[in-house]
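Down below is the structure, laid out as structure tokens.
There are 4 protein chains.
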Amino acid sequence: MADRYKYLKEAACEANLEIPRQNLAIYTFGNVSAIDRAAGVVAIKPSGVPYSELRPADMVLVDLDNRVVEGTKRPSSDTKTHTLLYRHFDTIGGICHTHSTYAVAWAQAMRPIPNLGTTHADHLVTAVPVTEVMSDEMIRGDYEHETGNQILDVFRREKLSPEEVEMVLVAGHGPFTWGKDAAKAVYNAAVLEELARMAYLTLQINPLTPPLKPALIDKHYFRKHGVSAYYGQ
Amino acid sequence: MADRYKYLKEAACEANLEIPRQNLAIYTFGNVSAIDRAAGVVAIKPSGVPYSELRPADMVLVDLDNRVVEGTKRPSSDTKTHTLLYRHFDTIGGICHTHSTYAVAWAQAMRPIPNLGTTHADHLVTAVPVTEVMSDEMIRGDYEHETGNQILDVFRREKLSPEEVEMVLVAGHGPFTWGKDAAKAVYNAAVLEELARMAYLTLQINPLTPPLKPALIDKHYFRKHGVSAYYGQ
Amino acid sequence: MADRYKYLKEAACEANLEIPRQNLAIYTFGNVSAIDRAAGVVAIKPSGVPYSELRPADMVLVDLDNRVVEGTKRPSSDTKTHTLLYRHFDTIGGICHTHSTYAVAWAQAMRPIPNLGTTHADHLVTAVPVTEVMSDEMIRGDYEHETGNQILDVFRREKLSPEEVEMVLVAGHGPFTWGKDAAKAVYNAAVLEELARMAYLTLQINPLTPPLKPALIDKHYFRKHGVSAYYGQ
Amino acid sequence: MADRYKYLKEAACEANLEIPRQNLAIYTFGNVSAIDRAAGVVAIKPSGVPYSELRPADMVLVDLDNRVVEGTKRPSSDTKTHTLLYRHFDTIGGICHTHSTYAVAWAQAMRPIPNLGTTHADHLVTAVPVTEVMSDEMIRGDYEHETGNQILDVFRREKLSPEEVEMVLVAGHGPFTWGKDAAKAVYNAAVLEELARMAYLTLQINPLTPPLKPALIDKHYFRKHGVSAYYGQ
């Protein structure tokens, strides 16, 4: 039989390799997955493998119930977080989790990243949301599944759309980002790290910096998104 | 017909490629233009094209009324800001807009960058000015044109000369710089980023650091500029 | 006679070369050693030799009483700290000392690095401990030996296990890390630098950030360590 | 006639090229010189020439009265500062001036860099001194000569030896460093930048961090310097 999911494993592998290229994690930290919606199959990074050794054939294929469909390696320990997000955010095609320094710092500080400028507004209109801290029961239960639930909760609570807000901070942990495909998920992880760094510096310079005014946020967001967008080719 | 604006497109393209080389923006952020004053033609980066793919033939030529003169791509979404500046700052030959981290942080904090040392005074005698926040009417109107107007306003209000002050922060957005040609505009963007970083660190070390004394500012500025300059070859 | 300790010198040299690759020190700062437990022989970096010139044959072999066993160069001035740790931490196979910037800053500030997130908890459950400041008598006595004693003291006082906590800050000086071999010791030095940077930024964003809750610390630590670990292959 | 000062121009050029390699300045900022004491001749960087184009033949030779001895280019605008230091610090063989970011920040903040750890004490026992701000008369007079005088003043006032303290911050400007030759002068510039960065971070973590205790300062300094040194080969 031909290698049916070759393109999916290649896309997932290439997106994973962007993590060290964009300096979004050291060593084996972080992971990216890509989904084939028609087949209900996810290609994800194997657990604890260094990026320098990663090849498409190393990608693990799992279904949306976390059963390994193909691959000899153990999938990322965060797999259940990915699959839960795929099940509920039904338009996304890729998910990225990194330990990028500034995004982790905001996640550890348990503070949403405020929308302080047009670089931020070019990508999302709200603050970057941060989840609640998990209860001890959830931690001792199905932890990685519950991590996904914490993300779903904050999106429900703050009435956010995963198509408009493609990034979140898990409190005390770090960022998850997503997008139409795995490449866009990693792009969002790199953008988030830059937004986190800019917001950090801005508040060090002026701790009372207010959020960008709504008209300017909308202007920049809708320059790049929706039917009236006029950015790009 | 020969490619009349070849040199202009090459100069604009080369200056755009300096943005990622000098780490002044990630992905497609930022843009540089170059003007041929005699022809009234501006070569500018196409909107949303990654720097790694940028070639001189991709540059879009527009006139000072923002009409595309040559090129198959859509020009930068910031084109109207560039052309307004070219119309009013009639000695400049190139304009650069970046999202460099420290300059953006000062722009988001809506604070002018004070002149705290000779690295700053080697390039300009004043603080780096910051515009007012735009009114909602202007944002919803001809936004990029109004961005240029905000820049002209702060230069008028603070009686600044665009030949002496080749940089500005647009509040909540980021830096614009310019110079005698596109290469100098990018040079000024890199210098501004370094001045922004030095000023940030200085005020973290000593929040009460006063501006450099006027005699020292003048000494350094006029070592490098004007009839008595004795820096360089 | 064959070169009996060739593998040990190669492992020690390779681990030393990771220091500049991971940006953990400039010039000749820092040193790594590897031990052959059966032979009681330690291979360590020669003192003051630049990393760019370092070759396996330059490694100095010493026994656990600091006597040179092989090698024409003088061993690292920190050799006695290494050998004392090897004598007391009897399961470790390699030791690394760097002057990495953020870890040194915490050591100079004489503050333990609090466990603020899962990146930290993936590697150790406690704060990164910091030694007491040495008495003048100890400094003027057998200084490098006493540096090791300060490390042993803080491990005793805080009831820490060198197998669970593979890193320490020497007050006013900098980090020492270790592991099952020299490569793991340097890995821990790079991880420590990242934890130090993340904790620094977190407390700048929110000075009141509490430590991660115990259930979450345990969850992440035991995902990667011990009989129930399910991270990696 | 043979090229008598070839070695001197090569040493000065090579040391200048270390400035961008060690990230101690952008563009044309900074300059290094080397002296031939027997001949009373100094080789110094030409003013305003980019490092990427710098060749040994571009070095300008001047005598200690600032007269050009050889070379077609104009010497660095800071030449008179160099020659005054050579005249008074009679054991030094090279001088380096950079605009490295953290050292400039301390110079702009007009604060000496306190001796907070052994990385600092490995190189000098005191704080890194900072000059007074220059009077307007001096600025309008022979400015670069007076910059040298400000450095001599702080060494006199604080009873410092240029052999023991090979670095200084000029208030509002930036660092000058020196050493037995031009290579050592640049080494000291890179070390100073790292000390400046470490001290900055340390005081951000703990603003009340005291200086390192005198016994520990002496221990580290005299491990590397003087008759009892035991660091290096």
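Chains as they are written, first to last, in numbering that gives the first Met the number 0: chain A, 0 to 232; chain B, 0 to 232; chain C, 0 to 232; chain D, 0 to 232. Don't be surprised by glycine CBs; every beta carbon is placed ideally from N, CA and C.
Can you find a C-beta in chain C that's less than 9 Å from the C-beta of residue 178 of chain D?
The sequence position of residue 178 of chain D within the fourth sequence is 179, counting from 1. No, because no Cβ of chain C sits closer than 9 Å to the Cβ of residue 178 of chain D.
Just to confirm the assignment: which complete alpha helix (DSSP H) runs, minimum length 4, are found wholly within the segment 95 to 182 of chain A?
If we require 4 residues or more, the alpha helix (DSSP H) runs fully inside the segment 95 to 182 of chain A come out as 100 to 108, 117 to 120, 135 to 139, 142 to 156.
Give a yes or no on whether 9 Å exceeds the smallest Cβ distance from residue 25 of chain A to chain C.
Along the first sequence, one-based indexing puts residue 25 of chain A at 26. It does: the Cβ of residue 25 of chain A has a partner Cβ on chain C nearer than 9 Å.
Using the C-alpha atoms, what's the distance from residue 119 of chain C back to residue 123 of chain A?
By 1-based counting over the first sequence, the position of residue 123 of chain A is 124. By 1-based counting over the third sequence, the position of residue 119 of chain C is 120. Roughly 30 Å between the two C-alpha positions.
Round the Cβ separation of residue 37 of chain A and residue 181 of chain A to the nearest angstrom and send it over; I've been treating them as touching at under 8 Å.
As a first step, residue 37 of chain A must be located in the first sequence, where it is residue number 38. As a first step, residue 181 of chain A must be located in the first sequence, where it is residue number 182. The pair is not a contact, with the Cβ atoms about 16 Å apart (cut-off 8 Å).
Report yes or no: is there a C-beta of chain B within less than 9 Å of the C-beta of residue 138 of chain D?
The residue you call residue 138 of chain D lines up with position 139 of the fourth sequence. So, interface residue.
So, do the segment 122 to 136 of chain B and the segment 221 to 228 of chain A have three or more beta carbon pairs nearer to each other than 8 Å?
Output reads no: the segment 221 to 228 of chain A does not touch the segment 122 to 136 of chain B.
Flag this pair as yes or no: are the beta carbons of residue 313 of chain A and residue 106 of chain B separated by less than 9 Å?
Nothing about residue 313 of chain A can be reported from this structure: the residues present for chain A run from 0 to 232 only.
Should the segment 166 to 174 of chain D be called in touch with the segment 94 to 106 of chain D, which here means at least 3 C-beta pairs below 8 Å?
Touching, per the Cβ criterion.
To the nearest whole angstrom, what separates the beta carbons of residue 12 of chain B and residue 55 of chain B, a pair I think is in contact under 8 Å?
Locating residue 12 of chain B in the second sequence gives position 13, where the first residue counts as 1. Locating residue 55 of chain B in the second sequence gives position 56, where the first residue counts as 1. Residue 12 of chain B to residue 55 of chain B, Cβ: 4 Å. Contact.
Can you tell me whether residue 57 of chain B is helix, strand or coil according to DSSP?
Within the second sequence, the letter at position 58 stands for residue 57 of chain B. Three-state DSSP puts residue 57 of chain B in a helix.
Among D:62, D:158, D:157, D:167, whose alpha-carbon lies nearest the alpha-carbon of residue 102 of chain D?
As a working mapping, residue 102 of chain D is identified with position 103 in the fourth sequence. Answer by Cα proximity: D:167.
When Cβ atoms are compared, which residues of the segment 146 to 180 of chain B fall closer than 8 Å to chain A?
Flagged, chain order: 171, 172, 173.
Please go through the same chain and pick out, in chain order, the residues whose beta-carbon is closer than 6 Å to the beta-carbon of residue 187 of chain D, but skip the five residues on each side of it.
Numbered from its first residue, the fourth sequence carries residue 187 of chain D at position 188. Taken in chain order, the residues that qualify are 165, 166, 176, 178.
Take residue 185 of chain A as the anchor and find which of A:209, A:99, A:71 has the nearest alpha-carbon.
Position 186 of the first sequence, counted from the first residue, corresponds to residue 185 of chain A. Among A:209, A:99, A:71, the Cα nearest to that of residue 185 of chain A belongs to A:99.
Among the candidates C:32, C:89, C:39, whose CA atom is the shortest distance from the CA of residue 151 of chain C?
Position 152 of the third sequence, counted from the start, is the residue given in the question as residue 151 of chain C. Comparing Cα-Cα distances from residue 151 of chain C to each of C:32, C:89, C:39, the minimum goes to C:89.
Three or more beta-carbon pairs under 8 Å between the segment 74 to 94 of chain A and the segment 23 to 36 of chain A, yes or no?
Judged by Cβ distances under 8 Å, the segment 74 to 94 of chain A makes contact with the segment 23 to 36 of chain A, as three or more pairs qualify.
So, is residue 45 of chain B buried or exposed, given that buried needs 16 or more other C-beta atoms within 10 angstroms?
The residue labelled residue 45 of chain B in the question sits at position 46 within the second sequence. It counts as buried.
Among A:60, A:51, A:21, A:27, which has the Cα closest to the Cα of residue 8 of chain A?
Counting from one through the first sequence, the residue named residue 8 of chain A turns up at place 9. Comparing Cα-Cα distances from residue 8 of chain A to each of A:60, A:51, A:21, A:27, the minimum goes to A:60.
Using alpha carbons as the reference points, say which of C:190, C:148, C:141 lies closest to residue 130 of chain C.
Counting from one through the third sequence, the residue named residue 130 of chain C turns up at place 131. Comparing Cα-Cα distances from residue 130 of chain C to each of C:190, C:148, C:141, the minimum goes to C:148.
Leaving aside the five residues before and after residue 28 of chain C along the sequence, list all residues of the same chain whose C-beta is less than 6 Å from its C-beta, in chain order.
Here residue 28 of chain C is taken as the residue at index 29 of the third sequence, counted from 1. 98, listed in sequence order.
With a cut-off of 8 Å, do at least 3 Cβ pairs link the segment 131 to 138 of chain A to the segment 207 to 215 of chain C?
Segments in contact, yes.
Mind checking which residues open and close the beta strand (DSSP E) that includes residue 43 of chain C?
To locate residue 43 of chain C, count along the third sequence from 1; it is residue 44. Counting along the chain, the beta strand (DSSP E) containing residue 43 of chain C begins and ends at 40 to 43.
Counting C-beta neighbours from all protein chains within 10 Å, is the total for residue 156 of chain C 16 or more, i.e. buried, or is it exposed?
In the third sequence, residue 156 of chain C corresponds to position 157, counting from 1. Label assigned to residue 156 of chain C: exposed.
Of the choices C:191, C:62, C:82, C:19, whose alpha-carbon is the least far from that of residue 49 of chain C?
Looking up residue 49 of chain C in the third sequence gives position 50. If we check each option's Cα against that of residue 49 of chain C, C:19 comes out closest.
Near residue 67 of chain D, which residues of its chain fall below 8 Å by C-beta distance, leaving aside the five closest residues on each side in sequence?
One-based indexing of the fourth sequence puts residue 67 of chain D at position 68. Excluding residues within five positions, the ones whose Cβ falls inside 8 Å are 59, 60, 61, 74.
Which residues, taken in chain order from the segment 98 to 115 of chain D, show a beta carbon closer than 9 Å to some beta carbon of chain B?
Under the 9 Å Cβ criterion, the segment 98 to 115 of chain D contributes 98, 100, 101, 103, 104, 105, 106, 107, 108, 109, 110.
I want to verify the contact list: residues of chain B whose CB lies under 8 Å from the CB of residue 197 of chain D, in sequence order.
For the purposes of this step, residue 197 of chain D is taken as the residue at position 198 of the fourth sequence. What residue 197 of chain D touches in chain B: nothing, since even the nearest Cβ is about 13 Å away.
Helix, strand or coil: which one does DSSP assign to residue 213 of chain D?
Translated into positions along the fourth sequence, residue 213 of chain D becomes position 214. Residue state, collapsed to three classes: helix.
Closest to residue 17 of chain B by CA distance: which of B:51, B:84, B:154, B:143 is it?
On the second sequence, position 18 is the one that residue 17 of chain B refers to. Of the listed residues, the one whose Cα sits closest to residue 17 of chain B is B:51.
Is residue 231 of chain D near residue 70 of chain C, with beta carbons less than 9 Å apart?
For the purposes of this step, residue 231 of chain D is taken as residue 232 along the fourth sequence, with counting starting at 1. For the purposes of this step, residue 70 of chain C is taken as residue 71 along the third sequence, with counting starting at 1. The answer is no: Cβ separation not under 9 Å.
Quick check on this structure: which residue in D:121, D:160, D:77 has the alpha carbon closest to the alpha carbon of residue 145 of chain D?
Here residue 145 of chain D refers to the residue found at position 146 when the fourth sequence is read from its first residue. The candidate whose alpha carbon is nearest that of residue 145 of chain D is D:77.
So what does DSSP say about residue 32 of chain D, is it helix, strand or coil?
Along the fourth sequence, one-based indexing puts residue 32 of chain D at 33. In this structure, residue 32 of chain D counts as strand in the three-state DSSP scheme.
Could you compute how far the alpha carbon of residue 113 of chain A sits from the alpha carbon of residue 86 of chain A?
As a first step, residue 113 of chain A must be located in the first sequence, where it is residue number 114. As a first step, residue 86 of chain A must be located in the first sequence, where it is residue number 87. Between residue 113 of chain A and residue 86 of chain A, the C-alpha separation is close to 28 Å.
Looking at the C-beta of residue 31 of chain A, does it have a partner C-beta in chain C at a distance below 9 Å?
The sequence position of residue 31 of chain A within the first sequence is 32, counting from 1. Chain C contact via Cβ: absent.
In the DSSP assignment, the beta strand (DSSP E) including residue 271 of chain A goes from what residue to what residue?
Outside the shown range of chain A (0 to 232) lies residue 271 of chain A, about which nothing can therefore be said.
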